[in-house]
Amino acid sequence: MGLKSDFQSNHWLSKRGGFIVMTCNSTHRYKSTFNGLPHDQSKFNGRHKCAGCAYDEGKRLGLLKEPSVSIDFDSLPDSQAGTVRHKSVQAAFAMGYQDGVLESYN
């Protein structure tokens, strides 16, 4: 069991192996939107990180039409639940950015 984080109400802090780990507790972990993302279990850039949070950050930047975007995947909370399990955070971030840019025209 983790302690609720002050960072955001949909993230939890817990201890694992002597480290403090942030875990996503958002309902976006179960959205069918992420079913089409490619599976990614690589040990580089985002393994076990929340693809839903990566999508949200990409969308935020897309809505702002940021001309140059990047994300620190290590800063994302972990998630091993729902439709984001073992999904590519890179693809989720890119999808979010595209969705945000398109939505910004509405």
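For the sequence shown, the numbering used here gives the first residue as 1, with consecutive numbering after it.
We treat Cβ as the ideally placed atom computed from N, Cα and C, and that holds for glycine.
Values in this document were obtained by computation on a predicted structure and should not be read as measured data.
Counting other Cβ atoms within 10 Å of its Cβ, leucine 102 stays below 16 and is therefore classed as exposed. Secondary structure note for alanine 94: its alpha helix (DSSP H) is the uninterrupted segment 89-104. Contact annotation: glycine 46 and glutamine 98 have beta-carbon atoms that are not nearer than 8 angstroms. The shortest C-alpha to C-alpha distance from threonine 23 to any of Ser75, Asp56, Lys31 is the one to Ser75. The alpha-carbon of asparagine 35 is positioned some 15 angstroms away from that of alanine 54.
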